[in-house]
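Novice: One structure coming up, written as structure tokens, with questions to follow.
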Amino acid sequence: MSLADPQSIKRLWRGFYLLLALLILLDPKLLELVHVLEHDPHHAANFVVDGLPEFYALYGFVTCIAMVVGSKLILGKILMRADTYYDYDPLAPTRDSKGRPLRGKPDASKPERKEAH
Amino acid sequence: MAVEFPPALIMLVGALLIAVSPGKLYKGMSLVFPALTLVAIWLFPETIQVKPASLWFGYDLVLAKLNGPTRPFAIIFALMALAGALFAWNQDRRVELAAAMLYAGSAIGVTFAGDLITLFVFWELMAVGSTIVVWSAGGEAARKAGQRYVNVHLVGGAILMAGLALHVQQTGSIALPTMTMGLDLTDPVRMSVQGQAWTLPLLESPAAWLILLGILINAGTPPFGSWLPDAYPEASPSGTVFLSAFTTKTSVYVLIVLFAGCELLIWAGCLMAIYGIVYAILENDMRRILAYSIVNQVGFMVCAVGIGTGLAINGATAHAFAHIIYKALLLMSAGSVLYMTGKRKCTDLGGLYKAMPITMWCGIIGALAISSMPLTSGFTTKSMITDAASIPENWAMVREVGGQTVWATLFHPSLAWFVLVAASAGVFLHAGIKFPWFVFFQKAAPENDARKLDPPGNMKLAMLVFAALCIALGVFPKPLYDILPFQVGGGPLYEAYSYAHVINQLQLLLFAGLAFFLLLGLLKRTLTITLDFDWLYRRFAPVAWTWIFRPLLRAAEPFHEGILGIPAIAARKWGHDESKVDYQPWGVGTTVLVLTIVLASFLAIHFYK
Amino acid sequence: MTHALLCSLLAAPASSPIPTFEMPLSPMLAIAVPLVGAFLIALAGRWPNIRESITLVTAVALLWVVGNLTNFVEAQPTAAEKLVDVVPGIPLAFNIEPLGMIYALIASSLWILNSIYSIGYMRANHEKHQTRFYVCFAVSLASVMGIAFAANMFTLFVFYEALSLATFPLVAHKGTPEAIKAARTYLGILMGTSVFLMLPAMVATWVYTGTLDFVPGGVFTEPLAHHVLAPGLFGVIFALFIYGIGKAALMPAHRWLPAAMVAPTPVSALLHAVAVVKAGVFTVVKVTVYVIGIDTLRKYGQGDWLVYFAGASILIASFIALFQDNLKRRLAYSTISQLSYVTLGAALLVPISIKAAALHIAAHAFGKITLFFAAGSIYTAAHKTKVSELDGIGRKMPWTMAAFTIGTFSMIGLPPTGGFLSKWWMLQGAWSAENQFAVFVLLTSTLLNAGYFLPIVYRAFFRAPPEPAHGHGHGHDGHGHDAHDHGEAPFPIVLALSCTALATVLLFIHPDLFAGYATMLADSLPKVLP
């Protein structure tokens, strides 16, 4: 099975969906509801929502979507910059603020400064 | 044979010897000394306190003793030093290894410290060692990152020192508190020093705030922690492996020892957990992703320390232990990729699953471990933390308001549990799948991929050992549980494997995985970085200096010169007449030196009469 | 076994045998010994080896005398020994007390090391007028001893001026026009401040209190209590004293120190890292404690301004140091900054900060002299004076740069050096005085010190040395060294700087000698509450 083969990809996806479906069916709270499993006091609901069936599946899915959307579409829009952003150092400029190299400047080492008192 | 000296000394001596030993001898030493330290830690007697012969500087120091969490932390630190040295074996990294031994040794020194001054001295030495590790990667980026790193750590250390000075001045004591379990593991731990209650976690004095701030800077808490994703990726492949283990986990140790039960930590930890995930999602450099992941995982530990029950402290300790192993594994995997391909950005990587099978599998195991997949070390350790958080009645403060009992916490205590569970899902997102996916998969490998890119034997061995350890601790966690600070008699310390727990965890993780693949389009890597709080001192401050303050100073210059009217020539040109200097060895002869020695001996004899 | 080894490593020296001299020697002997030595050095001018031997013998003898005196130090100053009544009621008199002991000990012990260093340095660089050099050095040390053991302000003033005069030829040593100009700046500022500011303050003290003696708790309590002296005028007298002590390099009276860097490095090392500058801050602490009185000053609220001036001095000097490319000049500004630490400690007016100030006199001395020795070593071996030229020098001069690194740690206040200890007490002093500004200054200064010292350490060890431009050598001495291909400095230089670096670390492991005197000093302060 080669990962490059679209057929195998399809098969992997099918297996994955099967696994997900299995997990939905095997949910402990669901099984308690239909009396397949005994009520487990050790894993009773601490907060109302985590006693509902499929809570973890839904919570994992939703929070991950929220985190990706929140970071990419909200935070990212504000804070993302090109990864050469910090290459411009106002204290030791080897490039100007647009990223074009300055002429005749040695790279990296601190230039001689005016001697203050 | 009883070990009655600080085990850290072995490592520090090793650092010195590695720095000065001739030839390739240092490589063997880099394995021997951590191993010896490990033995010394194991043999350190339970109840002794190593103290100097008399008061030092007026203080009653306790150079080494076993505090509650000392053993697990010290053991994993020594093990980490050993594995890191093994990983670096094939490269010529003498300076880095010496610095790493200093770093690891100081971290062990912190864990064994029995008083605040000893703790602080080793804490500062850690900063020295880690800075040299960053710098020894060589190159401009590492130099600058190292300079920023050392600045942050010196400021953090100075803040911690100021806080400790105030604390010692107010209480007159440098003693560390003793931690005892409450009624059982679900009860908050009790901290007392010399018979009185230990009040630092209540944050009632400026000293407590300063000490906490100093520690949180080292723990990587936003907004003070942006040094972590800045500096860690700039170190060498082996350097980052060393760096990932000690600074942040030592902060967790010190938080446990000084601030267990401090409520602010719960929310700081939650913030760290979410912050790490959010930034990691946006990141392109694979080692920066893992660096933000450190912040995320340490957030779990910090939150657990804030919760402060016996189970939570055990959880924080166990999690730290497991985290060091699987984070090192992930960084070794990433480091191997960097070492063999020279690439670090996700946009450049992918399609390596055929060329680097061992690296890939080790990376996958590390990724599963960090995600707390059942059968890995993450599952048996991190679960303690979420379990501790799940019953707020055990740990959250309450107060009476108009006859009703309400929560006295900053936020509703259930928020902690919900954030931690969301973060557990998010870990799978950014580290569990994202890291292996973008580094090893992402695109198809060539048909007959003949590239043999797996790294040299020592690196593979280090990865395999740690991968095995991840699985072993997942399947058989008892040896770890046995060294946790709070033990209960009769029966296992903690049961991670129950039907509900396993199924719920699998649901959480796999549906998070589903979200990942559905949103893969959004997660495409871009050649970007995300601005963090270090923007303030990397861009804002230099720009303000260049465009505002420096021109102001220059404008004031004539005024300054005129008032004092002292010619600058004398001040500007000094030193020696450079044209006529000749070098010649000293020719006085030994007579005078001998004379001095004789006289000095006379002096000494007189003193001893 | 390791336990015993560790214990012996950390055992306080108090447990080691103390010299048992029966009779105390006179502090005047400590002044006489270097003067006699100076005379003999002058006589032996034509025989360099004998002349150097005399210097070393004198230095050891001086340490021996001072060592003897250490047995008789108590918290309260000993009875004054009068030499002569210069003006009726104002004698030249000497006594021993803890602060003076710290100063005398560091000066005398470091004179030996500095002499070894000077011998190596002066000869390797073919300096001229070496006899004059060693004679002036000895006279300077005599003046230092006079300052350290002065029992009243007049004596201190006399020897303080003598020190300025004795060091003038040393600053102007090279004889070039620049050197002479710098020396004139040097003398001008130092004499100017002392004559126009300190002398009037002394006169005022005499007028209002009738004495110039050093008394724990100060001499102003009576006049102030009886309203003979207004608190405002008292404050002015204090300010005149502080700025009159130009050697403490409190900004803006600091310009003489960078100017003095024109002198050969042994001068910069001993005098302008240890003897002269420490005379300044020693006098500041002495005046604050024994003339003005810290409780008096606090009670009348006249000393607050000094905390801010000293703090500003610390920060500004460090800031300027960031921009200096000349190594000695950078060290000079660092010295100005570190001296203001001592002034800050005195200004906080609490016993712990006085202790911190006293300890810092010692801690800084050892650290800074190491740094200056390293700078001179680099000059001697590699002929480099600028920080930007120091790439890779740590590979070729490992001992020098290792010592430099230890000195750096001491300046930043990192363990395991003495600088950490004084910083710890200084922080406690700042908290004790409830002065958050001082805490802020100390924290910021840590960062600034790292900012201008650590890049040097980085360059030295982590950068590759620059490629040699040409192949020409500088003459064919036995080893064919030239400016681009060099190794370590000559042995005496390396020996001296290794010893001072070791002393810096030893001060951390065994602080009880100097910390003990500092504590004695704090204990001697009368417990008067405002």
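As given, the protein sequences belong to chains D, A and B, one line each in that order. Here the first sequence is numbered in numbering that gives the first Met the number 0, starting from 0 and rising by one per residue. Here the second sequence is numbered in numbering that gives the first Met the number 0, starting from 0 and rising by one per residue. Here the third sequence is numbered in numbering that gives the first Met the number 0, starting from 0 and rising by one per residue. Cβ atoms here follow ideal geometry from the backbone N, Cα and C, with glycine treated the same way. None of the values given here were measured: they were computed from a predicted structure.
I'd like the list of long-range same chain contacts for L118 (chain A), defined as Cβ closer than 6 Å, with 5 residues on each side in sequence excluded.
Specialist: V109 and A112.
Novice: In angstroms with no decimal places, state the Cα-to-Cα distance between F515 (chain A) and L281 (chain A).
Specialist: 13 Å
Novice: When Cβ atoms are compared, which residues of the region 33-54 of chain D fall closer than 9 Å to chain A?
Specialist: L36, D39, H41, H42, N45, F46, V48, D49, E53 and F54
Novice: What are the boundary residues of the beta strand (DSSP E) that includes P90 (chain B)?
Specialist: I89 to F93
Novice: Please list the partners that R142 (chain A) has in chain B, where partner means a Cβ-to-Cβ separation under 8 Å.
Specialist: Y457 and F461
Novice: Using C-beta distances below 7 Å, list every residue in its chain close to Y498 (chain A), excluding the 5 sequence neighbours before and after it, in chain order.
Specialist: When the five nearest sequence neighbours on each side are left out, no beta carbon in the same chain lies closer than 7 Å to the beta carbon of Y498 (chain A).
Novice: Would a C-beta distance cut-off of 8 Å place V418 (chain A) and F241 (chain A) closer than the cut-off?
Specialist: no
Novice: Chain B partners of E123 (chain A), CB-CB under 7 Å?
Specialist: L413 and P414
Novice: Would you say G479 (chain B) reaches chain A, if we count a Cβ-Cβ gap shorter than 8 Å as a contact?
Specialist: Annotation note: pLDDT 40 at G479 (chain B) (below 50); position unreliable, coordinate value reported separately. Answer no: the Cβ-Cβ gap between G479 (chain B) and chain A never drops below 8 Å.
Novice: Tell me whether N124 (chain B) is buried or exposed, calling it buried when 16 or more other Cβ atoms sit within 10 Å of its Cβ.
Specialist: buried
Novice: In this structure, does DSSP put V192 (chain A) in helix, strand or coil?
Specialist: strand
Novice: Could you check how far apart the C-beta atoms of G309 (chain A) and D114 (chain A) are, in whole angstroms? I think they sit under 8 Å.
Specialist: Not a contact, Cβ separation roughly 24 Å.
Novice: What residues in its chain sit with their C-beta under 8 Å from that of V138 (chain B), if we drop five residues either side in the sequence?
Specialist: P33, L34, A37, A161 and A165
Novice: Give me whichever residues DSSP pairs with N325 (chain B) in a beta bridge.
Specialist: B:K385
Novice: Can you tell me whether DSSP reads D476 (chain B) as helix, strand or coil?
Specialist: Per-residue confidence for D476 (chain B) stands at a pLDDT of 43, beneath the threshold of 50, marking its modelled position as unreliable; no derived number is given.
Novice: Mind pulling the chain A residues with CB within less than 8 Å of V438 (chain B)?
Specialist: A161
Novice: Should L175 (chain A) and A81 (chain D) be called a contact, given that it needs their Cβ atoms to be closer than 8 Å?
Specialist: For L175 (chain A) and A81 (chain D), no; Cβs fall outside 8 Å.
Novice: Kindly list the residues whose CB is nearer than 6 Å to the CB of D531 (chain A), restricted to its own chain and excluding five residues on each side of it in sequence; keep chain order.
Specialist: Result list for D531 (chain A): S225, in chain order.
Novice: Any beta carbon of chain D sitting closer than 8 Å to that of N313 (chain A)?
Specialist: no
Novice: Looking at the C-beta of S70 (chain D), does it have a partner C-beta in chain A at a distance below 8 Å?
Specialist: yes
Novice: Is there a Cβ from chain D that is less than 8 Å from the Cβ of R343 (chain A)?
Specialist: No, R343 (chain A) lies away from the interface with chain D (no Cβ there is under 8 Å from its Cβ).
Novice: For V542 (chain A), go through chain D and note every residue whose CB falls closer than 9 Å to its CB, in chain order.
Specialist: In chain order: P89.
Novice: Spell out the partners DSSP gives P187 (chain A) in its beta bridges.
Specialist: A:T308
Novice: Using CA coordinates, which residue listed in B:V493, B:T399, B:P176 and B:A361 is at the minimum distance from A258 (chain B)?
Specialist: B:P176
Novice: Can S191 (chain A) be considered in contact with the ligand FMN, in the sense that its beta carbon sits closer than 7 Å to one or more heavy atoms?
Specialist: Because no ligand of any kind appears in the structure shown, any question about the ligand FMN cannot be addressed here.
Novice: Nearest-angstrom Cα distance between A517 (chain B) and K354 (chain B)?
Specialist: 5 Å
Novice: Tell me whether S14 (chain B) sits in a helix, a strand or coil according to DSSP, three-state version.
Specialist: Below a pLDDT of 50, predicted positions are generally treated as unreliable, and S14 (chain B), at 39, falls in that range; the measurement from the model is reported next regardless. Helix, per DSSP.
Novice: Going by DSSP, name the residue or residues bridged to K344 (chain A).
Specialist: A:D284
Novice: So if I threshold CB-CB distances at 9 Å, which residues from the region 508-520 of chain B count as touching chain A?
Specialist: Against chain A - using a Cβ distance shorter than 9 Å - the residues of the region 508-520 of chain B are I508, H509, P510, D511, A514 and T518.
Novice: Under 8 Å, do A317 (chain A) and M383 (chain A) count as touching if we go by C-beta distance?
Specialist: In contact: A317 (chain A) and M383 (chain A) (Cβ atoms closer than 8 Å).
Novice: For A56 (chain D), would you say it is in contact with chain A, using Cβ-to-Cβ distances shorter than 8 Å as the test?
Specialist: yes
Novice: Under 8 Å between the Cβ atoms of V2 (chain A) and F43 (chain A)?
Specialist: Yes.
Novice: Which residues in the same chain as I17 (chain A) place their Cβ atom closer than 7 Å to its Cβ, once the five residues preceding and following it in sequence are excluded?
Specialist: For I17 (chain A), where only same-chain residues beyond five positions count, the Cβ hits under 7 Å are Y25, M28, S29, R93, L96, A97 and M100.
Novice: Decide if E37 (chain D) is buried, meaning its Cβ has at least 16 other Cβ atoms within 10 Å, or exposed.
Specialist: exposed
Novice: Assuming G217 (chain B) and Y289 (chain B) make a contact with CB atoms under 8 Å, what is their CB distance in whole Å?
Specialist: 7 Å
Novice: Determine whether the Cβ of R13 (chain D) lies closer than 8 Å to any Cβ atom of chain A.
Specialist: no
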